[in-house]
Amino acid sequence: MYVDGDAGRLKGEADEPGWEVDPDDDWGVAVVATVGRQLKLRREAKGMRAAEFGAAVGYGEDMVYKIEGGKRIPQPGYLERADEVLGAGGLLSAMKEDVARVRYPKKVREIAKLEAQAAEIGVYVGLSLHGLLQTPEHAGALFEVWQPSYSEEEVERRVAARMARHSIFEREPAPALSFVQEEATLRRRVGGTMVRRQQLERLLEVGRLRNVTLQVMPTHSGAHPGLSGKIEVLKFADGTALGRSDGAFNGRPTSDPKQLRILELRYGTIRAQALSPGESLAFIEQLLGET
46 MYVDGDAGRL KGEADEPGWE VDPDDDWGVA VVATVGRQLK LRREAKGMRA
96 AEFGAAVGYG EDMVYKIEGG KRIPQPGYLE RADEVLGAGG LLSAMKEDVA
146 RVRYPKKVRE IAKLEAQAAE IGVYVGLSLH GLLQTPEHAG ALFEVWQPSY
196 SEEEVERRVA ARMARHSIFE REPAPALSFV QEEATLRRRV GGTMVRRQQL
246 ERLLEVGRLR NVTLQVMPTH SGAHPGLSGK IEVLKFADGT ALGRSDGAFN
296 GRPTSDPKQL RILELRYGTI RAQALSPGES LAFIEQLLGE T
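Numbers 46 to 336, taken from our numbering, label the letters of the sequence shown in order.
As C-alpha cells, then:
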C-alpha cells in the first residue's frame, strides 16, 4: 500500500492543492470526466470498493470519489498506480499526457498548440523576456510578484505550463524561431543575481541554435515600431499565418492578409534596427561577465 512517507497516511485533497478542475474549461472538464469514468468502471469490474482501491494506490476514499466523479485532476502517479492495481495493461497510464495538459491554464494550452503547429515564429518583446526564452526560476520570480497574488501551487502550475512550451526546441523538423528583445529586459534583475546569470546563459544557449535568431534592441537605438507593444507573427506549413500586436487591431489575433503585412512590415523594421545576431550574442556575453 502506498502512503505519504512523511505523514504515514493516505493522501487526501489537502496534500495535493492546485489539481482542481476549471469549470470554465469545457475540454478539460470532458477529459477529466472521461478518465474518472474509466477509473470507476475498471475498479468496479475488479470488484474493489473505493476505500480498498484508495488504500492500494495510497489515497483516501474521498479523493477516489472526487477523481472518479471528474471533480479532481488525477496526478500521473495516481494513474500509474491505478494501472498496476487494476491490471489495465498501460491503458490508464497512457492517459497521463492528456490529463497533464488539462492542468495547464486554457489560454496557455491554446498558445502552446499554435506554437507547436507553426513552421516560423517571429516575436518582438519590450517589457519582459518571451516565455519560450525563460528559465523556470525566471518565470517563477515573475509569477511570484503577480497581482493579485497567485498561491504557491498556482505559481508552480503556471511555471510548469510555461516550461512545457519549451518542447518546441525539440521538434522535428525544427521551426524557424526569431526573437527580438529590448535591452532593458536583459538588464532587469528578475529573481536575483544567480537567477539572472542562469537566464543569460539560457539566452546564449538558445541563441546559438541553428534554427533560432536572437537579437537585442539596444536602448540607444531610438524610436521604432515596437514601442506600441509586443508583436507576434506565426506562419504555418499550409501557407496560413496568424499575427497579434498590442498596438494594432485592438490587440486581437488576426489572419487577415492586409493586417498581417502590416505586422510583418513592423517586425521587419524592428529586426533591421536591432543588433545583428552575432552582435546580440556578444552583448549578452558582456552582460553575463558583468553579473
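Even for Gly, the Cβ is constructed at its ideal location relative to N, Cα and C.
- Residue state for residue 235 is assigned as coil, using DSSP reduced to three classes.
- By the CB criterion at 8 Å, residue 254 and residue 329 fall outside the cutoff.
- The shortest C-alpha to C-alpha distance from residue 99 to any of 79, 122, 74 and 279 is the one to 122.
- In this structure, the straight-line span from the alpha carbon of residue 103 to that of residue 55 is close to 5 Å.
- In this structure, the CA atom of residue 65 is about 24 Å from the CA atom of residue 182.
- Following the DSSP letters along the chain, one finds residue 227 inside the beta strand (DSSP E) bounded by residues 221-227.
- Contact annotation: residue 251 and residue 320 have beta-carbon atoms that are not nearer than 8 Å.
- Note on residue 111: 16 or more other CB atoms within 10 angstroms of its CB, so buried under the neighbour-count rule.
- When secondary structure is reduced to three states using DSSP, residue 258 falls in the strand class.
- Excluding five sequence positions before and after residue 143, the CB atoms of its chain that fall closer than 6 Å to its own CB belong to 76, given in chain order.
- Residue 334 counts as exposed, since fewer than 16 other beta carbons sit within 10 angstroms of its beta carbon.
- Bounds of the alpha helix (DSSP H) holding residue 112 are 106-113.
- Residue 138 and residue 274 have their C-alpha atoms roughly 43 Å apart.
- Per the Cβ contact rule, the stretch 309-318 is in contact with the stretch 272-292 (3 or more Cβ pairs under 8 Å).
- Boundaries of the alpha helix (DSSP H) around residue 198: 197-209.
- If you check the CB distance, residue 165 and residue 220 come in under 8 Å.
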